[in-house]
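Numbering (numbering that gives the first Met the number 0), first residue to last: 0 to 359. All residues carry an ideal CB built from backbone N, CA and C; glycine is no exception.
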Amino acid sequence: MLKSLFNWKVLLNLVIAIGIFVGLVWLTFRWLEYHTNHGQEIPVPNVVNKSVHDAIKILDDTGLEYEVDSANYDPKYRPFQVLQIYPAPGSRVKDGRTVRLKVNPRTWAQIAVPDVINKYSGLAFQRLDQVGLKIGDTIYEPSIQKDALLRILYKGNAVNPGTRLPRFSIIDVVVGTGPMRNISIPNVVGLSVKEARAVITKGMFEVGLVEHEDGSNDESDIIYYQDPAAGDVRDQGMQIDLWASKRTPAELRAKVEQLNSIYRMKVDTSLPPVRYEEVHNEPSFDPPVAPAPKRETPKPEPVKTETPKTQTTAPKSTVSGTEKPKASSSSPATGSTAKPAASTGQQPAQKPKAKKVVVE
């Protein structure tokens with residue numbers, strides 16, 4: 000086997016294979032040097048602080064590609080001024096290398112107007128300030144939505160939510176001040192429903208119930224009755240109900256009279272007006288009465304009473320039973336009451352009771 004390995008034919012084939020391999024490797028590296036311009040590097044030019052148009056022209060002349068990236072707007076620099084370049088100026092790169100330019104934009108980036116219509120003005124102002132919009136003039140307009148933001152104006156034109164405006168743009172806002180009072184109601188009888196809607200809206204009222212006589216919704220029907228009546232005064236935003244028909248109001252007099260009996264109250268002016276008199280009730284203050292001093296009643300002293308002695312007389316033969324003895328001469332006479340003498344402040348002495356004497 001070793002003898003066959005060192006055969007001249009085998010060695011020749013091996014040398015040819017090695018030569019082919021080395022040649023392929025050399026050709027590959029030569030092709031890479033040619034394709035990548037090996038050893039041919041270009042310095043990156045310094046285009047910082049130049050305008051983007053001048054920077055692009057310089058890069059084109061140098062043979063470099065470019066890519067423009069807009070940064071956040073900075074008012075300290077000029078619009079479209081190159082702020083930064085990558086790779087850094089002076090770096091050596093291959094021909095055709097892409098260079099990135101960071102450029103100051105012309106103005107602030109655009110933002111979307113937030114949906115703050117019909118929102119409370121305090122919250123709406125806060126939301127507008129958060130997104131970067133500056134509020135200029137505040138215009139007040141009568142509206143039933145008091146203190147609500149009604150419209151947003153940019154350069155005098157109304158803008159809708161979602162409209163893109165430059166950041167930090169100055170906008171004007173319209174805020175409602177509440178409904179107007181005592182506005183005269185317009186007369187829409189004889190007009191079509193479409194015309195009546197326009198007149199009512201222009202008069203700062205709203206269309207309420209619209210009743211068609213035939214049950215249709217034809218906007219060309221003629222108004223033959225309205226409530227409230229024309230000439231009445233109401234506040235802004237009140238609703239006006241309408242009755243419409245294809246016939247004229249003159250042909251619907253009976254219907255009009257029927258509606259008048261329902262919606263038009265008749266006031267009896269023959270009765271005298273009621274007079275109201277204001278009565279002033281002044282509060283009366285009685286002077287305070289001092290409490291009477293308590294009188295102390297002296298305690299009565301006990302009275303010593305003496306029992307009078309009674310005299311006994313001999314019984315008479317004609318008298319039987321018991322007899323009441325006569326009192327002494329100190330007893331009072333008939334028809335008169337004698338009060339025993341007593342000292343001042345003492346109670347009168349009680350009348351002594353006579354003793355019973357039994358005669359056997």
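- Looking at the DSSP output, residue 16 sits in no beta bridge, so it has no partner there.
- Rounded to the nearest whole angstrom, the CA to CA distance from residue 83 to residue 125 is 36 angstroms.
- Annotation: residue 24 to residue 66 spans about 36 angstroms, alpha carbon to alpha carbon.
- A contact is defined here as three or more CB-CB pairs under 8 angstroms, and the region 156-167 fails this definition with respect to the region 199-211.
- Residue nearest to residue 242 within the set 205, 134, 192 and 230 is 192 (criterion: CA-CA distance).
- With contact defined as three or more Cβ pairs closer than 8 angstroms, the region 91-99 and the region 56-75 are in contact.
- Per DSSP, the unbroken alpha helix (DSSP H) holding residue 121 starts and ends at 120-130.
- In the three-state reduction of the DSSP assignment, residue 262 falls in the helix class, which pools H, G and I.
- Inter-segment contact for the region 229-237 and the region 208-219 is absent: fewer than three beta-carbon pairs are separated by less than 8 angstroms.
- Here residue 87 carries a coil assignment [DSSP, helix/strand/coil].
- The Cβ atoms of residue 47 and residue 81 sit closer than 7 angstroms to each other.
- With a threshold of 16 other beta carbon atoms within 10 Å, residue 103 meets it and is buried.
- The DSSP-derived three-state label of residue 133 is strand.
- Around the CB of residue 184, 16 or more other CB atoms lie within 10 Å, so the residue is classed as buried.
- Among the bridge pairs identified by DSSP, residue 182 is matched with 233.
- In the structure shown, the three-state DSSP call for residue 166 is coil.
- Per DSSP, the beta-bridge partners of residue 156 are 153.
- DSSP places residue 228 in the coil class of the three-state scheme, outside both helix and strand.
- The alpha-carbon separation between residue 78 and residue 70 amounts to approximately 11 angstroms.
- Around the beta carbon of residue 58, 16 or more other beta carbons lie within 10 angstroms, which makes this residue buried.
- Within the same chain, Cβ atoms closer than 8 angstroms to the Cβ of residue 128 are found at 134, the five residues on either side in sequence being excluded.
- Going by DSSP, residue 58 is part of the alpha helix (DSSP H) stretching over 51-61.
- By the neighbour-count criterion, in which a residue is buried when 16 or more other Cβ atoms sit within 10 angstroms of its Cβ, residue 20 is exposed.
- Restricted to the region 192-230, the alpha helix (DSSP H) segments that are unbroken, complete and at least 4 residues in length are 192-201, listed in chain order.
- Close CB contacts of residue 218 within its chain, under the 7 angstroms cut and outside five residues either way in sequence, are with 191, 192 and 193 (chain order).
- Per the DSSP secondary-structure output, residue 148 pairs in a beta bridge with 174.
- By the neighbour-count criterion, in which a residue is buried when 16 or more other Cβ atoms sit within 10 angstroms of its Cβ, residue 114 is exposed.
- In the displayed model, residue 252 falls within a helix according to three-state DSSP.
- Assigned with DSSP and collapsed to three states, residue 99 falls in strand.
- When 253, 179 and 228 are compared, the shortest CA-CA separation from residue 236 is found for 179.
- Non-local beta-carbon contacts of residue 88 in its own chain, meaning distances under 7 angstroms to residues more than five positions away in sequence, involve 43, 44, 45 and 47 in chain order.
- When only Cα atoms are considered, residue 28 and residue 22 end up about 10 angstroms apart.
- In the DSSP annotation of this structure, residue 188 is not part of any beta strand (DSSP E), being labelled neither H nor E.
- When the alpha-carbon of residue 117 is set against those of 31, 173, 156 and 12, the nearest one is in 173.
- By the neighbour-count criterion, in which a residue is buried when 16 or more other Cβ atoms sit within 10 angstroms of its Cβ, residue 262 is exposed.
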